[in-house]
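If you're matching positions, the sequence shown starts at 4 in the numbering used here and goes up one per residue. Everything on this sheet refers to the single structure shown next.
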Amino acid sequence: MSIITSEAHFRQRVLKYSLKYGVTRASDRFGRSRQAIYEWRAKWDGKSWKSLVEKSHRPHHHPAEHTPEEKEMILRRYPRYKDDMMLLWDSLRKSGYTRSYTSLVRVVRKWVQPEIQKRTARKNKPYARAEYPGQKVQVDVKFVPSYCVTNGRKYYQYTAIDECTRWTYREMYEEHSTYSSAQFLANLVKKCPFSIREIQTDNGTEFTNALLQKNCDHKSLFENMLDRYDIIYHRIRVATPRHNGKVERQHRIDEARFYKKMRMYSLEDGRKQLERYNARSNDIPKICLNFRSPNEVLAEYLAIM
């Protein structure tokens, strides 16, 4: 809620109180003058707070604004010098125009040149949801928050989430490298209760060499592992983390539910705690699944398949 909207709601509360208990009592309670309350009463339509929104105090006219004669002079000469504003200003100055160059440019943009259209909000293409488990699995890496690590080391959580059922698998590593990514993929294929058709990641060097200046044509260990398991590899566009939105959202949930409530003293300790959390997280209902858990949705699909 903006400051202007919040102030309008406040004025409405003051007016409703004043109608019930009087203007003087409302003035003492809310710290506003009686004159201001009477002014708000005059503007209020008695229903909506929108009638109490403060309007712009910008003046409609200025004593030093361009005169009609100056405006006519500019509009008459503009078609001839429209490609060079400096020549236009010099020509007007020789005819008695006393305004500055910047003032001329400002009024030309206002009167003559078309208004610059505001950028419209981006309308992203609707994302097609996966139709069956394993059709597409999003994989990403999360930095383990330093506030829950007692030994001062850095650790990384690899996360894989199925787009269809939101079934999630996590592991913790000491480094985020192509070796760790390949090891995580191998463990994911073993633990996953369904076959994986496609995996989607960002363009990080722990997954691919595509954006490197050197060795960009050579496949990483992670990509070679995907070929070994005959899994399709899809990289999202650069600087579009929303395309990996499901795993990004899961990372925020993991931090709120897990990392903010735990302390880890070593990598082994963190892995044990993460394994327990990983086992119970797939039994937690999700709104996007109509308040069903990933395991419940997965069981429905497996029963059909």
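Even for Gly, the Cβ is constructed at its ideal location relative to N, Cα and C.
Classification of residue 143 by the beta-carbon crowding that lies within 10 angstroms, buried from 16 upward: Looking at its Cβ environment, which holds 16 or more other Cβ atoms inside 10 Å, residue 143 is buried.
Buried or exposed: which applies to residue 86, given that a residue is buried once 16 or more other Cβ atoms fall within 10 Å of its Cβ? So residue 86 ends up on the exposed side.
Can you tell me whether residue 257 is buried or exposed, with buried defined as 16 or more other CB within 10 angstroms of its CB? Here residue 257 is buried: its Cβ has 16 or more other Cβ atoms, across all protein chains shown, within 10 Å.
Around the C-beta of residue 181, are 16 or more other C-beta atoms found within 10 angstroms, so that it is buried, or is it exposed? With a threshold of 16 other beta carbon atoms within 10 Å, residue 181 meets it and is buried.
Within 10 Å of its beta-carbon, does residue 71 have 16 or more other beta-carbons around it, so buried, or fewer, so exposed? Residue 71 should be labelled exposed.
List the whole-angstrom C-beta distance separating residue 168 from residue 304, where the pair is believed to meet the contact cut-off of C-beta under 8 angstroms. Correct: roughly 7 angstroms between the Cβ atoms.
Collapsed DSSP secondary structure at residue 294 in the structure displayed: Look at residue 294 here: in three-state DSSP terms it is coil, with no helix or strand label.
With a floor of 4 residues, list each alpha helix (DSSP H) that falls wholly inside the segment 152–233, ordered by position along the chain. Entirely contained in the segment 152–233, the alpha helix (DSSP H) runs reaching 4 residues are, in chain order, 181–194, 224–231.
Taking only the alpha-carbon atoms, compute the straight-line gap between residue 358 and residue 203 and give it to the nearest angstrom. Only positions 4 to 308 of the chain appear in this structure, which leaves residue 358 out of reach.
Does the segment 29–36 come close enough to the segment 62–81 to have 3 or more Cβ pairs within less than 8 angstroms? Contact fails between the segment 29–36 and the segment 62–81, because fewer than three Cβ pairs, one in each stretch, are under 8 angstroms apart.
Between the alpha carbons of residue 97 and residue 91, how many angstroms are there, rounded? The C-alpha of residue 91 is placed about 10 angstroms away from the C-alpha of residue 97.
So if DSSP puts residue 237 in a beta bridge, which residue, or which two residues, is it bridged to? In the DSSP output, where bridge partners are listed per residue, residue 237 has 203.
Taking the DSSP output, what are the residues bridged to residue 141? In the DSSP output, where bridge partners are listed per residue, residue 141 has 164, 203.
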